[in-house]
Amino acid sequence: MNFEFIWNNAISIPNCFIPITGAGAGPEGIFNIYRGETSNYGLAVHENTHKLIYLNWGKSSSFMDEGLAMYTQALATNKDKNHRAVQKFIKENKLFPLGKMVSFQIGKGGPETMASYPASGSFVEFLIKTYGLKSFKQTYILENRPPEGKEKTSTWEKVYSKSLLELEKEWLAWLRKTLKF
Ligand SMILES: [Zn+2]
8 MNFEFIWNNA ISIPNCFIPI TGAGAGPEGI FNIYRGETSN YGLAVHENTH
58 KLIYLNWGKS SSFMDEGLAM YTQALATNKD KNHRAVQKFI KENKLFPLGK
108 MVSFQIGKGG PETMASYPAS GSFVEFLIKT YGLKSFKQTY ILENRPPEGK
158 EKTSTWEKVY SKSLLELEKE WLAWLRKTLK F
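Heads up, the sequence shown is in my numbering, so the first residue is 8 and it goes up one at a time.
In structure tokens:
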């Protein structure tokens, strides 16, 4: 089998890394390590989202992939969870620019991972709610292109006729409106 366990309360597998849990999705299936704690329902939703999307839409960038799973996880558990986390990162001046986050390998760990997990979920929710699922599917598929392809034709210009910077401004304004801060 093609995944690795890290014993400081985390599991690392090729497609997804979630610290302090015990769940993951990979080509072999979805795994959940039972450690005697309370319900992992949100994580089950997260990992099943990965699997369902791989089967139907194929792969994408880490940001799009995790964003969709973080969004459905929040819908299943606490709908403002991602947004509140982003709000906290903004307040502490620890949020990365969207232009950087979209190319992060989110599972790698460190401050990039901490910020971009919830940011991806919040941004994906903004895209779907503002521009619809059809455009999001197109975005998801186009973001799977190699960096050269994305540099040549921007996913954001192609789908939304906007730069990523413009979308970032819209997202943060939407977030402030949604959370009233
Ligand atoms: Zn994930």
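Glycine included, every Cβ here is placed at the ideal spot set by N, Cα and C. Being a predicted model, the structure only gives us computed values, none of them experimental.
Check	Outcome
Given 8 Å as the limit, is there contact between the segment 153-165 and the segment 123-142, that is, 3 or more CB pairs closer than that?	no
Excluding the 5 residues preceding and the 5 following Leu102 in the sequence, name in chain order all residues of the same chain whose CB lies nearer than 6 Å to its CB.	Phe96 and Ala122
How big is the Cα-Cα spacing for Asn47 and Ala92?	19 Å
Need the endpoints of the alpha helix (DSSP H) that Asn89 sits in, please.	Lys88 to Lys98
Just reading off the alpha helix (DSSP H) that Thr137 is part of, what are its end residues?	Gly117 to Tyr138
Among the residues of its own chain, which have a CB less than 6 Å from the CB of Val166, if the five just before and after it don't count?	Ser142, Gln145 and Thr146
Count the other CB atoms within 10 Å of the CB of Leu62; is the residue buried (16 or more) or exposed (fewer)?	exposed
By a C-beta neighbour count over all protein chains shown, 10 Å radius and 16 as the cutoff for buried, is Ala2 buried or exposed?	The question about residue 2 has no answer here: the residues shown for the chain are numbered 8 through 188.
How would you label Leu186, buried or exposed, when you count the other beta carbons within 10 angstroms and need 16 or more for buried?	exposed
Comparing C-alpha positions only, which one of Thr79, Ser67 and Thr56 sits nearest to Leu149?	Ser67
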